[in-house]
Structures are given as structure tokens and as C-alpha cells.
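Written below as C-alpha cells is the structure these notes are about.
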Amino acid sequence: APWWRGDLRGSLTGLGLDTAPGHLVRALCEGLAAQVAELADAAAADLGTPLTVLRVDGGLTRSALLMQTQADLLQRPVEVAALPDATALGVGTLARLGANPSLALAEALPGAGPTTVYEPRVTADEATERRTRFRGAVTALLAGGPA
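As numbered in our numbering, residues 204 to 350 make up the sequence shown, in order.
Right under this line is the structure:
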């Protein structure tokens, strides 16, 4: 996403004899974070307002590298939920509000702030350059050629 081509497969470019396992992990984190940043931009365009903060939960939030990379590429704070299953808590909150519409949101939603907040550490220019390289690789993959 946001390209929605189920027939395509992932690609790693720039591999050399000096590529180490850590380089592959970093590439995976960069790709995931770049894709989320693209989705955030698409959502902002549809909604007519930019994302001010990304709130995240789930297993991938245990990767400090991924969360920092996400903040860097988005150029926005990334807040890691205190509860690993905060999404399910949100669904429960909506169900509670649906069952009792007069309930105030503060009453329906248990208060649990983020455990960690990752702030961008790179400049906007560096984030733009990294995302431009990602888009170039995606464009090449969509065209059927090497990135």
C-alpha cells in the first residue's frame, strides 16, 4: 500500500559482498517506515489535514530502530501505546459508546498515555531524500525493472 499490487514482490537493492545481516534489518525497517509514511501522506491528502502524531501499538513497537525510523521519515512524533493491544481497547471503547451514547468519551476510554515517544532525529531534507529513494525503488519495481 498505497500501490495495491498483489502481484508484486519485495525487492532489496544495493546488496554487495560487504552487506551484513544488520544492513538487511535496517533496510527492512526503512522500507516499512517509508511505506507507513506514504500511507500517512495519502490519508492526510484524503482528510485534508496532515498527521500531527502517529500513535502505534502491537508487536513491532518493540523495535526501537523501527519506531525511530518511523519518526524520522514522517517528521512527526511516534507515540508507543502503554498497552500492547490498544487497538482492541479502542474497539471496545467504540462498542461501549455505541451501547451508551450518553457516556462521555473520557468515561468510556480508560486513560493510558504513551510509554515512549520517538521524536524525529534527522532533518526534513534527509527524510525527504530517503523517501525519494524509496519512491524511486517502488517506481522501478512497478515498471518491472531494477530499482
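Just so it is clear, CB atoms sit at the ideal spot from N, CA and C, and this is done for glycine as well.
Closest by CA to residue i, which one among the options?
i: arginine 279; options: Ala285, Val320 and Leu263; result: Val320
i: glutamate 322; options: Gly251, Leu286 and Leu277; result: Leu277
i: alanine 351; options: Glu241, Gly213, Ala245 and Gly251; result: This structure leaves residue 351 out entirely; the chain is present only between 204 and 350.
i: arginine 334; options: Val228, Gly209, Gln273 and Asp210; result: Gln273
i: glycine 217; options: Ala245, Leu227 and Asp210; result: Leu227
i: tryptophan 207; options: Leu268, Ala302, Ala245 and Glu310; result: Ala245
i: glutamine 271; options: Pro304, Arg336, Leu300 and Ala240; result: Ala240
Among the residues of its own chain, which have a CB less than 8 Å from the CB of residue i, if the five just before and after it don't count?
i: alanine 284; result: Arg258, Val259, Asp260, Thr264, Ala315, Pro317 and Thr318
i: proline 253; result: Ala247
For residue i, name the three-state secondary structure that DSSP assigns.
i: threonine 342; result: helix
i: leucine 257; result: strand
i: glutamate 310; result: helix
i: alanine 223; result: coil
i: glutamate 322; result: coil
i: alanine 247; result: helix
Give me, in chain order, the residues of the same chain whose beta-carbon lies closer than 7 Å to that of residue i; leave out the 5 immediate sequence neighbours on both sides.
i: aspartate 275; result: Pro323, Arg324, Val325 and Ala330
Can you give the beta carbon distance from residue i to residue j, rounded, assuming they're within the 8 Å contact cut?
i: threonine 296; j: alanine 309; result: Not quite, the Cβ-Cβ distance comes to about 11 Å (not below 8 Å), so this is no contact.
If you drop the 5 nearest sequence neighbours on each side, which residues of the same chain put their C-beta closer than 6 Å to that of residue i?
i: phenylalanine 337; result: Ala237
- Task: Answer yes if the segment 325–343 comes into contact with the segment 285–301, meaning at least three C-beta pairs across the two stretches below 8 Å, and no otherwise.
- Result: no
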